[in-house]
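J.: Take this structure first; my questions come after.
Residue numbers (the working numbering): 414 to 770.
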């Protein structure tokens, strides 16, 4: 007896995904590419208006040294922006750290590297203290670091008055003058080494590479970013979020101390006014480069380009004999534009992530 079986149903092709493909950000919304274009355009503009802008000794070498300082300053702020936090005391952390360096050089006669390491430890300690207060109390980072900034301002003034009777140490540790004046071309046969690159530039490059590797490849960096993106989800995933907050702020303090050292090397003195101009550029560089104020995303390359842009503007307008007030006005306008672009990028990212079903 023949057994009948139900006919096989024809194969049904899988239903097409009703969701539209994720939209790719337009080229003009890429902050790093945009910064490169703007920097190139400004270099052409300033060099055409004042040929001195391309002078290797008088302009380009000092410009590179200034960029090195403010790249590290931007990285100091980026370290806490990764959490969605702010460090309003970045300049005072640099000032107190460089005081520790100057005191060690003046009273103890330590080598240049030893004093630098001591200052970095002081900066990391102050940053860790700020992070601990934020993690334990739950108070907003803006409030904690702003209060810390006021406290450090008074402390730095008192310490410099006690130690120097003035505003700076007179000591010049061995090697500081080389960092200030020398370039790699000075150690070669004439101009064989190519462009004149100050000795402080590799220090900033090393700091940028270290921070970039931390956030891109290290577990610690990824956990900091996850904490900044969604603290509750990070805690549920087993990430010690309080410790990551302390770590990020300690890193910010350490980088602020390094920036203070680079500025002291550029100026040739460890003085109380180091760090006074750090706050605005510390936000401007990472925000221009694509780091989100809300946390969870950073861009080290963008921070370097943002710092380069601001210093090119400063140097170009200075050569054109703009006043200090006008310089501040234009840099403030650049910051407003950067904040607007940051909001635009956030909106585009939300629209790209959430597709209609």
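Ideal placement from N, C-alpha and C gives every residue a C-beta, glycine not left out.
Anyone know if the C-beta pair for residue 668 and residue 458 falls short of 7 Å?
T.: It is not a contact, given that the beta carbons lie outside the stated cut-off.
J.: How many Å lie between residue 537 and residue 461 at the Cα?
T.: Taking the straight line from one Cα to the other gives about 44 Å.
J.: Excluding five sequence neighbours on each side, which residues of the same chain lie with their C-beta closer than 7 Å to the C-beta of residue 695?
T.: Counting only Cβ-Cβ distances below 7 Å, and skipping sequence neighbours, we find 486, 487, 489, 490 and 503.
J.: Between the alpha carbons of residue 598 and residue 609, how many angstroms are there, rounded?
T.: Residue 598 and residue 609: Cα-Cα distance of roughly 6 Å.
J.: Rounded to whole angstroms, what's the CA-CA distance from residue 543 to residue 483? Just pull it up for me.
T.: Cα to Cα, residue 543 sits roughly 22 Å from residue 483.
J.: Determine whether the beta carbon atoms of residue 655 and residue 493 lie at a separation below 7 Å.
T.: No, they are not a contact pair.
J.: Would you mind stating whether residue 508 and residue 687 have Cβ atoms separated by less than 7 Å?
T.: In this structure, residue 687 lies closer than 7 Å to residue 508 by Cβ.
J.: Okay, do the region 524-536 and the region 730-749 touch, 3+ Cβ pairs below 8 Å being the bar?
T.: They do not touch, by the three-pair rule.
J.: So residue 722 packs on residue 448, CB below 8 Å; how close in whole Å?
T.: The pair is a contact, with the Cβ atoms about 6 Å apart (cut-off 8 Å).
J.: To which residues does DSSP link residue 611 through a beta bridge?
T.: Per DSSP, 596.
J.: Below 8 Å, how does it come out for the region 631-650 and the region 724-738: are there three or more Cβ pairs, yes or no?
T.: As far as the Cβ criterion goes, the region 631-650 does not touch the region 724-738, which means the pair count is below three.
J.: Is it the case that the Cβ atoms of residue 510 and residue 617 are separated by a distance below 7 Å?
T.: No, the Cβ-Cβ distance between residue 510 and residue 617 is not below 7 Å.
J.: Could you tell me the distance, in whole angstroms, from the CA atom of residue 675 to the CA atom of residue 551?
T.: Cα to Cα, the separation comes out at about 33 Å.
J.: Put residue 712 into one of helix, strand or coil per three-state DSSP.
T.: Looking at residue 712 - three-state DSSP - the assignment turns out to be coil, as it is neither helix nor strand.
J.: Quick one: measure Cβ to Cβ for residue 736 and residue 638, integer angstroms, because I've assumed they're closer than 8 Å.
T.: Not quite, the Cβ-Cβ distance comes to about 41 Å (not below 8 Å), so this is no contact.
J.: What is the DSSP secondary structure of residue 581, reduced to helix, strand or coil?
T.: Strand, per DSSP.
J.: Compute the Euclidean distance between the alpha carbons of residue 627 and residue 635, then round it to the nearest angstrom.
T.: Roughly 8 Å separates the two Cα atoms.
J.: Expressed to the nearest angstrom, what Euclidean distance is found between the alpha-carbon atoms of residue 452 and residue 741?
T.: If you take the alpha carbons of residue 452 and residue 741, they lie about 19 Å apart.
J.: Can you tell me whether residue 753 is helix, strand or coil according to DSSP?
T.: Residue 753: helix per DSSP, three-state reduction.
J.: With 16 as the cutoff for other CB atoms within 10 Å, does residue 540 come out buried or exposed?
T.: So residue 540 counts as buried.
J.: Quick one: give me the first and last residue of the alpha helix (DSSP H) that residue 482 is part of.
T.: 474-494 is the span of the alpha helix (DSSP H), which, as asked, contains residue 482.
J.: Look up residue 587 in the DSSP assignment and say whether it is helix, strand or coil.
T.: Coil at residue 587, not helix or strand.
J.: Provide the residue(s) that pair with residue 684 in DSSP beta bridges, ordered along the chain.
T.: 581.
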